[in-house]
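I have placed the structure first, in the form of structure tokens, so that the comments after it can refer back to it.
There are 2 protein chains.
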Amino acid sequence: MPQTDTTSPVIDFIFDFGSPNAYLAWKVLPGICRRTGATLNLIPCLLGGIFKATNNRSPVEAFGEVKNKLAYEALETRRFVAKHGLAAYRANPHFPVNTLLIMRGLIAARRMGVAAAYLAAVEAAMWETGQKMDDPEVVAGVLGSAGLDAQAILAATQDPGVKAELIANTEAAVARGVFGIPTFFVGSEMFFGKDRLDQVEEAAREARTASA
Amino acid sequence: MPQTDTTSPVIDFIFDFGSPNAYLAWKVLPGICRRTGATLNLIPCLLGGIFKATNNRSPVEAFGEVKNKLAYEALETRRFVAKHGLAAYRANPHFPVNTLLIMRGLIAARRMGVAAAYLAAVEAAMWETGQKMDDPEVVAGVLGSAGLDAQAILAATQDPGVKAELIANTEAAVARGVFGIPTFFVGSEMFFGKDRLDQVEEAAREARTASA
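Chains as they are written, first to last, in our numbering: chain E, 457 to 668; chain P, 457 to 668.
Structure follows, in structure tokens:
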């Protein structure tokens, strides 16, 4: 849903609910958009599909056997949470959660015009209240509690067009150079990881200046 | 060589000549020290020893099979080089270079009071002129050209005390939580990677403020 116009830079956000760092970035990006005048273009992709296409793995898998490394990553998460005041963040006890259903649901929710409410409800369920969001009954409960039409959204996840859009987004991201999530683009400039949001903000500011 | 006093924060720099990112950080750290009043405490360690102790690997080894990942790392290196005006930087064609000799040489050079000249000469040979610095004859030539007593330094690399200091530094770093290079500490706060130098600068500034 980019509200593109000739003067507003766009930040593409390669997104999957399964990434805690994508949640953390998603909380910080509105402030970056406000300060730079940028528009956020969230692009739903399957992290599992990106990993398969690039032969990549999650940090937990890649570094699980490396002493000190995951403890440091956890420290950087705590620093990020403290710096940005994201006290509601909690690791999901069911991690890793298979996100195929809720990612298809995001595309379905967009088509129904309820993407913002869906995003907020599912991100909170994943990374604030730690629910098992690969269980359709749990998902239905979360959507219902948020006032969304859970049955209609879950039915639409089986729409071939919805499924195809998610696959196409994922393939296009890999073709652009993506290997993980969260990844950001400002124009053709790619940035990987929540720790590079300062660079994203700078690039968005420069893009606005260049077009002004 | 920390010039510690009661008011100046210290930035510990876990260092090995074999890391291109350590070279890049080493070029940027003097500005951080100037701006924050911090003192740089370069701690020579063996990256190979850190990897062995933590079961870690170099990015080239860990991500060599991951599509897009190393291309992105190279992009971030180009951005860092451009941002900080480090035009002299060149990848070393002999990478990876075994740094055991030149790291022992750094400790030897310190004991002789010529660490600054040694560091500058060896970093330039590694990451500006691309020399094969695990060849003792090449090392001798580089040190001689810099006006250093190559024979004395190379002889001192065989001193059991020099060897033991390098091992002790490496073990102490791992015990502090290190898993790679470059790593920085401001007090007990650890930061990994050249991309976190902004955080290092902020921590150094805060440390000075807190003690003032």
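Cβ coordinates follow ideal geometry from the N, Cα and C atoms, glycine included.
No experiment lies behind these values; they were computed from the predicted model shown.
Assigned secondary structure, residue i (DSSP; H/G/I helix, E/B strand, else coil)
| i | result |
| --- | --- |
| E:F641 | strand |
| P:N477 | helix |
| P:V553 | coil |
| E:L492 | Before going further, note that residue 492 of chain E is Thr rather than Leu in the sequence given. Helix, per DSSP. |
| P:F519 | helix |
| E:D398 | Missing from the structure shown is residue 398 of chain E; chain E here goes from 457 to 668 and no further. |
| P:F450 | Outside the modelled stretch of chain P, which goes from 457 to 668, sits residue 450 of chain P, for which no answer is possible. |
| P:L498 | strand |
| P:M568 | coil |
| E:T460 | Bear in mind that the predicted position of E:T460 carries a pLDDT of just 48, short of 50, making it unreliable; the figure below should be weighed with that in mind. It is coil, neither helix nor strand. |
| P:M589 | coil |
| P:R513 | coil |
| E:Y574 | helix |
Spatially closest choice to residue i from the options, by CA coordinates
| i | options | result |
| --- | --- | --- |
| E:A488 | E:A666, E:R534, E:E657 | Sequence inspection shows Ile at residue 488 of chain E; the Ala mentioned does not correspond to that position. Comparing Cα positions, the closest option is E:E657. |
| P:A544 | P:A576, P:V594, P:G617 | P:A576 |
| E:G561 | E:A666, E:D605, E:S464 | E:D605 |
| P:A659 | P:T492, P:P616, P:W482, P:K483 | P:T492 |
| E:I470 | E:R661, E:A666, E:G633, E:A663 | E:G633 |
| P:S475 | P:A608, P:L556, P:V594 | P:L556 |
| E:T495 | E:A478, E:A481, E:T463, E:N477 | E:T463 |
| P:I623 | P:M559, P:L531, P:F519, P:R535 | P:M559 |
| P:F504 | P:D472, P:V598, P:A547 | Sequence check: residue 504 of chain P is Gly here, not Phe. Looking at the Cα atoms, P:D472 is the closest of the given residues. |
| P:V553 | P:A572, P:R566, P:A538, P:S514 | P:S514 |
| E:W583 | E:A631, E:N524, E:Y479 | E:Y479 |
| E:R664 | E:A580, E:V642, E:D590, E:K650 | E:V642 |
| E:L653 | E:S667, E:I637, E:N548 | E:I637 |
| E:M646 | P:F647, P:R534, P:M589 | P:R534 |
| E:A538 | E:K483, E:N524, E:A572, E:F551 | E:K483 |
| E:H550 | E:Q655, E:V594, E:Q614 | E:V594 |
| P:K508 | P:T626, P:Q655, P:M589, P:A666 | P:T626 |
| E:A481 | E:A666, E:R661, E:G649, E:P592 | E:G649 |
| E:N548 | E:V466, E:L485, E:T639, E:A580 | E:A580 |
Contact under 8 Å by Cβ, residue i with residue j
| i | j | result |
| --- | --- | --- |
| P:F635 | E:V522 | yes |
| P:I506 | P:N497 | no |
| P:G597 | P:R546 | no |
| E:A629 | E:C501 | yes |
| E:A564 | E:I609 | yes |
| E:D651 | E:E532 | yes |
| P:A518 | E:A518 | yes |
| P:A602 | P:A573 | yes |
| P:T510 | E:N524 | yes |
| E:V578 | E:M589 | yes |
Limits of the unbroken beta strand (DSSP E) element including residue i
| i | result |
| --- | --- |
| E:F536 | E:F536 -> not in any beta strand (DSSP E); alpha helix (DSSP H) instead, spanning 525-540. |
Span of the alpha helix (DSSP H), counted from its first residue to its last, around residue i
| i | result |
| --- | --- |
| P:S667 | 653-667 |
| E:A612 | 606-612 |
| P:V618 | 616-632 |
Contact with chain C by residue i, beta-carbon distance below 8 Å
| i | result |
| --- | --- |
| E:A660 | Absent from the structure is chain C; the protein chains it does hold are E and P. |
Which of the residues in the stretch 518-538 of chain P, read from start to end, lie with their CB under 9 Å from any CB of chain E?
A518, F519, E521, V522, K523, N524, K525, A527, Y528, L531, E532, R535
Contact set between the stretch 472-489 of chain P and chain E, restricted to residues whose Cβ is under 8 Å from the partner
none
Determine which residues of the stretch 641-652 of chain E have a Cβ less than 8 Å from any Cβ of chain P, and write them out in chain order.
So the list reads M646, F648, D651, R652, given in the order they occur along the chain.
Residues from the stretch 621-633 of chain E in contact with chain P, defined by Cβ distance under 8 Å:
V630, G633
So if I threshold CB-CB distances at 7 Å, which residues from the stretch 538-549 of chain P count as touching chain E?
Residues passing the 7 Å Cβ filter: none.
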